[in-house]
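Participant: Those protein sequences? They're chains A and B, same order as listed. Here the first sequence stands for residues 19 to 841, numbered as in my numbering. Here the second sequence stands for residues 175 to 292, numbered as in my numbering. Where is the CB? At the ideal position from N, CA and C, for every residue including glycine. Submitted below is the structure of interest, expressed as structure tokens.
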Amino acid sequence: MEDRKGMRLVVVGHGPTAHRLIETLSGRGFGGTVTVFGEEPRPAYDRVALTSYLSGRSVEDLTYPVPDGVTLRTGVRVTAIDRANRIVTTDAGDSEPYDVLVLATGSAPFVPPVPGRDLPGCFVYRTIDDLDAIRDASRDARAGVVIGGGLLGLEAADALRGLGLDTHVIEMSGWLMPRQVDEGGGSVLRGHIEGLGLTIHTGAGVRSIEAGQDGRVTALVKPDGEAIEAQIVVFSAGIRPRDELARDCGLEVGERGGIVVDEGMRTSDEHIYAIGECALAGGMVYGLVGPCNTQAEVAAERILDGQAAFTGADMSTKLKLLGVEVAQFGAMSGALDVTYMDPVGGVYKRLFISDDAKTLLGGICVGDAAPYNALRPFVGKPLPSAPSDLLFAGAGKASIDLPDDAQVCSCNNVTKGKICAAIADKGLTDVQGVKDCTRAGTTCGSCVPMLKQILVKSGVDVGKALCEHFTHSRAELFDIVNVRGITTFSQLIAEHGTGRGCDICKPAVASILASLGRGHILDGEQAALQDTNDQFLANIQKNGTYSVVPRIPGGEITPDKLIVIGEVARDFGLYTKITGAQRIDLLGARVEQLPSIWRRLVDAGFESGHAYGKALRTVKSCVGSTWCRYGVQDSVGLAIALELRYRGLRSPHKLKSAVSGCARECAEARSKDFGVIATEQGWNLYVGGNGGFKPRHADLLASDLSTDDLVRTIDRFLMFYIRTADRLQRTAAWLENLDGGLDYLREVIMEDSLGICAELDAQMERHVSTYADEWRATIEDPDKLRRFVSFVNAPGVPDPSISFETERDQIKPVLIPLEVTRR
Amino acid sequence: MTILDEMPALAGHWTPVCTYTDLLPERGAAVLVGDRQVAVFRTFDGALYALDNLDPFSGAYVMSRGIVGTRNGEPTVASPMHKQVFSLATGVCADDTGVALPTYPVRVTDGTVEVSVV
Chain A
19 MEDRKGMRLV VVGHGPTAHR LIETLSGRGF GGTVTVFGEE PRPAYDRVAL TSYLSGRSVE
79 DLTYPVPDGV TLRTGVRVTA IDRANRIVTT DAGDSEPYDV LVLATGSAPF VPPVPGRDLP
139 GCFVYRTIDD LDAIRDASRD ARAGVVIGGG LLGLEAADAL RGLGLDTHVI EMSGWLMPRQ
199 VDEGGGSVLR GHIEGLGLTI HTGAGVRSIE AGQDGRVTAL VKPDGEAIEA QIVVFSAGIR
259 PRDELARDCG LEVGERGGIV VDEGMRTSDE HIYAIGECAL AGGMVYGLVG PCNTQAEVAA
319 ERILDGQAAF TGADMSTKLK LLGVEVAQFG AMSGALDVTY MDPVGGVYKR LFISDDAKTL
379 LGGICVGDAA PYNALRPFVG KPLPSAPSDL LFAGAGKASI DLPDDAQVCS CNNVTKGKIC
439 AAIADKGLTD VQGVKDCTRA GTTCGSCVPM LKQILVKSGV DVGKALCEHF THSRAELFDI
499 VNVRGITTFS QLIAEHGTGR GCDICKPAVA SILASLGRGH ILDGEQAALQ DTNDQFLANI
559 QKNGTYSVVP RIPGGEITPD KLIVIGEVAR DFGLYTKITG AQRIDLLGAR VEQLPSIWRR
619 LVDAGFESGH AYGKALRTVK SCVGSTWCRY GVQDSVGLAI ALELRYRGLR SPHKLKSAVS
679 GCARECAEAR SKDFGVIATE QGWNLYVGGN GGFKPRHADL LASDLSTDDL VRTIDRFLMF
739 YIRTADRLQR TAAWLENLDG GLDYLREVIM EDSLGICAEL DAQMERHVST YADEWRATIE
799 DPDKLRRFVS FVNAPGVPDP SISFETERDQ IKPVLIPLEV TRR
Chain B
175 MTILDEMPAL AGHWTPVCTY TDLLPERGAA VLVGDRQVAV FRTFDGALYA LDNLDPFSGA
235 YVMSRGIVGT RNGEPTVASP MHKQVFSLAT GVCADDTGVA LPTYPVRVTD GTVEVSVV
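Below, the structure written as structure tokens:
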């Protein structure tokens with residue numbers, strides 16, 4: 019394929035489909051210039067996850083990165099296409115010549131012509147600006163109505179409910195989500211949603227929308243005359259392709275809208291392509307992310323002179339709306355069907371089968387979508403098992419082997435064969451590798467559990483075995499230690515492992531024993547399990563000296579204590595630096611100096627800050643309402659309380675935290691494993707944040723909690739993480755890999771879906787009540803002090819290899835240049 | 175050059191460094207023999223090993239503070255600095271077999287641990 023050097027490509031529209039096009043071109047070495055015009059004031063963002071914006075996800079989080087070399091003009095609308103001269107003009111007055119033009123103008127929400135539809139208080143649900151407007155209006159609103167009970171309508175209803183509005187949904191047809199489920203499924207879905215307090219009106223239309231004296235929406239009137247009080251109305255009654263530019267320049271468009279394209283996504287002008295929701299491909303406008311992405315890839319391939327074709331798409335969907343799983347795949351009817359309905363449990367499953375009862379045609383699931391992943395690949399193929407077993411497929415009752423051509427990721431059109439080939443060719447060993455390599459699982463994520471299964475079936479050990487000494491994962495070892503009451507590494511490895519352990523399993527087991535409160539980390543045999551930092555309760559530095567970090571809870575410290583730290587540093591000749599976590603690091607201490615340094619610090623009321631441990635580090639805070647004129651809560655007080663509660667808690671990796679006293683977020687809580695931000699009503703709790711190598715904003719777990727509820731939720735979050743995470747897995751990676759994600763986490767720790775909350779609470783209570791300072795325990799125990807010597811046979815002689823020079827009035831290690839001797 | 179092979183040939187002068195009970199199972203300790211830093215290890219089965227205390231990758235004298243274990247049945251120590259694993263018996267680095275720690279003969283005489291480094 020040629021790289022199309024010198025080609026001028028212009029893209030109109032910058033939504034997810036346009037993003038996929040330019041990303042694909044960029045990834046394949048497109049050598050031309052790319053200019054993109056986007057009407058919205060910001061770059062393309064993930065529209066599938068739009069609703070998460072209202073629950074706290076930031077625009078930056080949702081925004082796709084713009085590939086290098088692409089010229090992006092946001093807030094600029096293309097107003098005309100001059101096909102004869104191949105130039106587009108914009109509302110900013112630009113003219114941009116093109117060799118190839120791609121229209122990715124998307125769609126606009128359809129607003130039915132009902133009286134009052136333009137009143138203040140009427141909205142659509144498509145862009146971040148729409149959501150901002152809805153959120154602003156919700157502050158003075160009590161109730162809202164969504165017109166349209168389809169997929170997007172229910173998303174919008176979820177958003178209104180999240181904004182605290184009394185929410186109604188109006189659907190024309192006889193049941194909700196008529197394009198995805200049948201009447202039986204619709205009734206089960208309705209039960210779930212009504213259970214959440216929403217009011218559903220099916221078989222209903224809109225006569226008018228009424229305004230009050232201030233001109234704003236006050237009610238929606240149904241054709242039967244019933245008025246629903248509402249201050250907000252959201253239209254979500256379908257989409258219309260944005261084909262006006264194409265129409266104006268004479269491109270062929272469909273009778274009911276949409277730019278006509280061939281199977282190469284080319285319009286009636288050979289220099290112009292159309293992709294996404296504005297395109298009419300094979301007589302269909304596709305509104306799902308999967309087919310739109312495929313269209314973008316086909317167009318990219320054609321631009322690069324390839325031969326890819328778009329010949330229709332699998333319209334299967336699996337989603338979780340308002341906490342209910344809904345899935346549909348293949349056909350929605352068939353000669354035979356098998357139905358399971360449990361109105362009490364809120365589960366509905368129906369499979370459609372050919373008249374000879376041999377071929378699976380499709381299926382509908384509500385309340386439990388497990389069969390979706392297992393069965394969708396079998397559509398049009400012989401039934402892999404008895405139909406009654408298939409209804410419970412995915413629940414472990416039916417074991418099914420997928421054929422190679424089975425589509426695993428429908429968002430990105432990735433087959434099982436492609437994934438297996440990537441695993442074999444590239445030697446992939448984990449889900450992240452499969453995601454990076456094949457794109458499977460990178461859009462909606464519903465196929466991630468399948469990726470894991472495929473890795474396992476391909477003979478890949480998905481990182482489950484901790485090391486050569488244990489075939490168990492860290493989480494399994496935790497359960498074994500917990501349930502069997504194991505107190506030593508020797509017992510664990512003798513009964514459940516092989517060999518004598520190593521630098522991987524020993525510290526991991528040491529951490530598990532410590533998390534479960536099985537003694538001081540330097541007691542007896544446990545001392546030999548610890549990494550050097552835990553052995554010496556300090557952090558090793560490049561010249562073999564250690565750093566000492568006393569705990570300064572919440573970053574609050576008295577002048578007297580500051581003076582003590584200064585005196586200790588001066589007397590022992592240590593280098594001092596303020597850390598990023600509002601503490602003071604004392605560097606350059608030799609092993610034999612550590613106990614005397616701790617003695618001085620402990621006598622002055624300090625304790626270990628656990629900077630050396632896979633444990634809680636610090637709970638950072640801003641000054642909060644005590645001093646700050648903006649603060650709404652006492653962030654310092656809470657930070658100190660949290661730090662004192664969780665200090666010393668050993669975990670799979672380090673734990674960082676912060677508390678901000680208002681929404682300005684000066685403590686940067688959203689970059690922490692658990693972060694708390696004050697609200698007028700209480701505290702918002704965010705989890706799974708990370709700075710470091712791979713930054714991640716924490717997700718909002720719960721809002722407006724009282725202090726007691728906040729502490730209980732953090733207790734359970736931490737203990738559940740400690741129980742189930744892999745070795746050295748931070749909360750960010752743990753949460754991303756958690757099957758079911760944030761919703762599942764909420765179910766487990768806030769709704770007690772696994773029935774383990776009492777145990778989690780008890781484990782945390784035991785930690786809190788048995789905490790003791792590790793430094794003090796060490797300096798008071800001559801046996802533990804034995805190892806704090808430079809040389810066993812010359813305890814008074816300092817390590818002669820350690821030396822320092824002076825830089826900016828402080829010490830700095832001198833390293834002897836070293837050449838690694840090779841044999 | 176093979177540092178490893180020179181050592182046994184030069185063995186013969188034994189220096190007492192500590193008592194056997196000064197060493198803890200599955201741990202190392204640093205000892206000073208002349209101006210040479212040696213890391214002495216006692217494994218779970220009571221066996222002793224002596225290697226150079228200099229971590230050849232980081233240039234710091236820290237090998238005695240590494241975690242002791244086994245790899246494919248062979249006793250090992252992992253550098254506390256960057257976790258490279260070395261055989262306690264041969265000193266060869268399992269992660270980079272072109273690198274090895276010097277090993278020294280070690281024995282127990284009447285409860286006293288002796289190392290030969292000459």
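1. Compare the C-beta of A/S819 against all C-beta atoms of chain B and say whether one is closer than 8 angstroms.
2. Compare the C-beta of B/E200 with all C-beta atoms of chain A and state if any pair is closer than 8 angstroms.
3. When we look at the beta-carbon of A/T796 and count the other beta-carbons within 10 Å, is it buried (16 or more) or exposed?
4. Grab the span of the alpha helix (DSSP H) containing A/G758 for me, first residue to last.
5. Identify which residue in A/R284, A/L534 and A/A102 has its Cα closest to the Cα of A/R502.
6. Enumerate, from N- to C-terminal direction, the unbroken alpha helix (DSSP H) stretches of 4 or more residues contained entirely within the region 43 to 121 of chain A.
7. Would you mind working out which of A/G45, A/R260, A/A327 and A/A36 sits nearest A/V307, comparing C-alpha positions?
8. Verify the CB distance criterion: does B/V191 have a CB-CB separation below 8 angstroms to chain A?
9. At what residues does the alpha helix (DSSP H) containing A/F590 begin and finish?
10. In whole angstroms, what separates the C-alpha of A/Q611 from that of A/G598?
11. Using DSSP bridges, identify the partner residues of A/H671.
12. Could you confirm whether any beta carbon from chain A is found closer than 8 angstroms to the beta carbon of B/G220?
13. Per DSSP, which residues does A/S565 bridge with? Please list them.
14. Does DSSP classify A/D150 as helix, strand or coil?
15. Which same chain residues, not among the five before or five after A/P130, have their C-beta less than 8 angstroms away from its C-beta?
16. What does a CB cutoff of less than 6 angstroms around A/V316 pick up in its chain, not counting 5 residues either side in sequence?
17. CB-CB under 6 angstroms to A/V356, same chain, minus the five flanking residues each way: which ones, in chain order?
18. Are the C-beta of A/K524 and some C-beta of chain B separated by less than 8 angstroms?
19. Let me check one thing: in DSSP terms, what residues is A/W701 bridge-paired to?
20. Check whether the Cβ of B/R293 lies closer than 8 angstroms to any Cβ atom in chain A.
21. If you reduce the DSSP assignment to three classes, tell me which class A/C140 lands in.
22. Can you confirm whether A/G808, when its beta carbon is compared against all beta carbons of chain B, has any partner nearer than 8 angstroms?
23. Report whether the distance from the Cβ of A/S614 to the nearest heavy atom of the ligand HEM is below 7 angstroms.
24. Check whether the region 490 to 500 of chain A touches the region 205 to 222 of chain B, taking contact to mean three or more Cβ pairs, one atom from each stretch, closer than 8 angstroms.
25. Among residues of its own chain, excluding the 5 on either side of B/L275, which ones have a beta-carbon nearer than 6 angstroms to its beta-carbon?
26. State yes or no: is the beta carbon of B/E288 nearer than 8 angstroms to at least one beta carbon in chain A?
27. Rounded to whole angstroms, what's the CA-CA distance from A/L78 to A/A62? Just pull it up for me.
28. Would you check if the distance between the CB atom of A/T69 and the CB atom of A/D148 is smaller than 8 angstroms?
29. Taking a contact to mean a Cβ-Cβ separation below 8 angstroms, would you say A/V734 touches A/L673 in this structure?
30. For A/V271, is the classification buried or exposed, using 16 other Cβ atoms within 10 angstroms of its Cβ as the cut-off for buried?
31. Establish whether the CB of B/T283 and some CB of chain A are separated by less than 8 angstroms.
32. How would you write the range of the beta strand (DSSP E) that A/D454 sits in, first residue to last?
33. Exposed or buried, what is A/N103 when buried is set at 16 or more other beta-carbons lying within 10 Å of its beta-carbon?
34. In whole angstroms, what is the alpha-carbon distance linking A/V206 and A/I188?
35. Taking buried to mean at least 16 other C-beta atoms within 10 Å of its own C-beta, is A/K475 buried or exposed?
36. List, in order along the chain, the chain B residues whose C-beta lies closer than 9 angstroms to that of A/I558?
Facilitator: Working from what's here:
1. yes
2. yes
3. buried
4. Taken as a continuous stretch (DSSP letters only), A/G758 belongs to no alpha helix (DSSP H), as it is neither H nor E.
5. A/L534
6. 77 to 80
7. A/A36
8. yes
9. P577 to F590
10. 25 angstroms
11. A/H671 pairs with nothing; no bridge assigned.
12. no
13. A/N557 and A/L605
14. helix
15. I165, V224, F253 and A255
16. M283, A326 and F328
17. L369 and P405
18. yes
19. A/A696 and A/L723
20. The requested residue 293 of chain B is not part of the displayed model; chain B covers only 175 to 292.
21. strand
22. The question names Gly, yet the displayed sequence has Ser at residue 808 of chain A. Yes, contact with chain B.
23. Among the components of this structure there are no ligands whatsoever, and the ligand HEM is therefore not found.
24. no
25. L225, D226, F260 and G265
26. no
27. Note that residue 78 of chain A is Glu in the sequence shown here, rather than Leu. Using only the alpha carbons, I get a separation of about 10 angstroms.
28. no
29. Sequence check: residue 734 of chain A is Arg here, not Val. Contact flag unset, no.
30. buried
31. no
32. Looking at the DSSP string, A/D454 is not in any beta strand (DSSP E); the run it does join, the alpha helix (DSSP H), is V449 to T456.
33. exposed
34. 17 angstroms
35. exposed
36. A234, V236, R239, P254 and M255
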